[in-house]
Amino acid sequence: MKTELPERLENDMRIVDLHVHSNRSDGTFSPSGLVDLARKKGLSAFALTDHDTTAGLDEALAYSEGKDIEVIPGIEFSTEYKGRDIHVLGLAIDYKAPAFARQVQAFVDSRIERNRKMCANLAGAGIDISYEKLLAAFPGAVVTRAHYARYLLDNGYVKSLPEAFERYVGDHCPYFVPREKVTPVQAVELIRQAEGLPILAHPTLYHMGKEALQTLVSLLKEAGLVGIEAIYSTYSAGEEREMRQLAEKNGLLISGGSDFHGSNKPGLELATGYHGKLVIPYDIWERLKEKRSI
């Protein structure tokens, strides 16, 4: 199958996307569907980084065999730091390493327990929902709040996905149940134990302030952080420049990704982000791969 690069790219420019979600967490494309879409978009490689699960990696890797696309096994850990939700990407992980697999299963189990409690809360508010019905609506997925929002929309309880978060599943809603999370340091250490590359995901979204963000980066670098997501779909030119400077200041590499979720993030395209503005050259991934071999 011949793929075509977007017209805005030079013919010899290879591109990657190092932050992608499938329907095994809160995306809408299957892992194999992502492989097909990535080839259509002209990607040379993409990282499947579902939330707290590696459930889609076997399918994506098997389906990509013999095709002109590199699937990078990854994960996105949701962690907690001083009351904030901080995300840490793991790229090129040995996801079948026993210790790593056990810890990921613990995350899955914790999420299941949280979801059972949230379903009970919502049912108590008169919503026709149970954990079993939620699973039936999204077979094979690791259920996140995006699935609740979609369920509420599809069943007529809200008129939009944002409304679902505002009324039912947002952090401060009475039905929300927080999930036990590891710290970002623990996530970095776990990724390194799995021979992966820990990347601090989309730092500007945490609204921490420069000094607080530097403190976090210093803490994570000491634990083994390799890079910062300096190229991202929502960044302004100024934000990207700041993240590149932060990486350089701390002796870290840069990474980049769209954070593609399919129709759960309308207008956000794989490889090219919003309005076709995202460009992540392949040499960014090459530099990261070199770091993995050190």
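Sequential numbering of the sequence shown, starting at 1, is according to my numbering. Glycine included, every Cβ here is placed at the ideal spot set by N, Cα and C.
DSSP three-state call for residue i: helix, strand or coil?
i: His51; result: strand
i: Asp17; result: strand
i: Gly276; result: coil
i: Gly83; result: coil
i: Ser64; result: helix
i: Leu213; result: helix
i: Leu270; result: coil
i: Tyr175; result: coil
i: Leu152; result: helix
i: Phe46; result: strand
i: Glu70; result: strand
i: Val88; result: strand
i: Phe260; result: strand
i: Phe138; result: coil
i: Glu290; result: helix
i: Ile75; result: strand
i: Pro281; result: strand
For the candidate residues the options, whose alpha-carbon lies nearest to that of residue i?
i: Arg241; options: Gly156, Ala230 and Ala271; result: Ala230
i: Val177; options: Leu135, Glu163, Arg145 and Leu161; result: Arg145
i: Val35; options: Glu286, Lys67 and Phe77; result: Lys67
i: Lys277; options: Glu248, Ser258, Arg167 and Trp285; result: Ser258
i: Phe98; options: Glu195, Thr49, Asp128 and Ser130; result: The question names Phe, but residue 98 is Pro in the sequence shown. Of the listed residues, the one whose Cα sits closest to Pro98 is Glu195.
i: Arg84; options: Leu152, Leu205, His19 and Leu18; result: Leu205
i: Pro139; options: Thr272, Lys291 and Ser22; result: Ser22
i: Gly90; options: Glu163, Thr54 and Ala62; result: Thr54
i: Lys291; options: Ser78, Leu252 and Gly56; result: Leu252
i: Val279; options: Lys41, Thr28, Phe29 and Ser32; result: Lys41
i: Glu113; options: Ala125, Phe100, Ser130 and Ala101; result: Ser130
i: Pro73; options: Tyr95, Ala62, Thr79 and Lys159; result: Tyr95
i: Ala223; options: Gly267, Arg192 and Glu269; result: Arg192
i: Leu220; options: Arg39, Leu270 and Ile86; result: Ile86
i: Ile69; options: Ser32, Asp109 and Lys82; result: Ser32
i: Ser30; options: Thr79, Gly124 and Ala141; result: Ala141
i: Lys82; options: Gly170, Ala212 and Leu197; result: Ala212
Start and end of the beta strand (DSSP E) containing residue i?
i: Leu200; result: Leu197 to Leu200
i: Glu236; result: With the sequence shown as reference, residue 236 is identified as Ser, and Glu is not the correct amino acid for it. Ser236 -> no beta strand (DSSP E), and no H or E assigned at all.
i: Tyr232; result: Gly227 to Tyr232
In terms of residues, what are the limits of the alpha helix (DSSP H) holding residue i?
i: Thr204; result: Run containing Thr204: none; DSSP gives neither H nor E here.
i: Ala187; result: Pro184 to Gln193
i: Ser255; result: Careful: Ser255 lies outside any alpha helix (DSSP H), inside the beta strand (DSSP E) at Leu253 to Gly257.
i: Ser110; result: Pro98 to Gly124
i: Lys41; result: It is not in any alpha helix (DSSP H) - Lys41 carries neither H nor E in the DSSP assignment.
i: Pro162; result: Leu161 to Ala164
List the whole-angstrom C-beta distance separating residue i from residue j, where the pair is believed to meet the contact cut-off of C-beta under 8 angstroms.
i: Ala45; j: Tyr232; result: In fact, because the Cβ distance is near 17 angstroms, the residues do not count as touching under 8 angstroms.
i: Glu76; j: Ala201; result: 6 angstroms
i: Arg24; j: Arg111; result: Not confirmed; about 12 angstroms, so no contact.
i: Leu134; j: Asn155; result: Incorrect: roughly 11 angstroms between the Cβ atoms, too far for contact.
i: Val88; j: Ala47; result: With a Cβ gap of about 13 angstroms, Val88 and Ala47 do not count as contacting.
i: Val16; j: Trp285; result: 5 angstroms
i: Phe107; j: Asp52; result: 4 angstroms
Quick check on residue i: buried or exposed, where buried means 16 or more other Cβ atoms within 10 Å of its Cβ?
i: Ala92; result: buried
i: Gln105; result: exposed
i: Gln103; result: buried
i: His147; result: buried
i: Ala60; result: buried
i: Gly256; result: buried
i: Lys249; result: exposed
i: Asp26; result: buried
i: Asp58; result: exposed
i: His275; result: exposed
i: Gly262; result: buried
i: Asp50; result: buried
i: Ala187; result: buried
i: Ser64; result: buried
i: Arg287; result: exposed
i: Pro295; result: What the structure shows of the chain is the stretch from 1 to 294, and residue 295 is not part of that stretch, so it cannot be assessed.
i: Gly267; result: exposed
i: Gly56; result: buried
i: Gly227; result: buried
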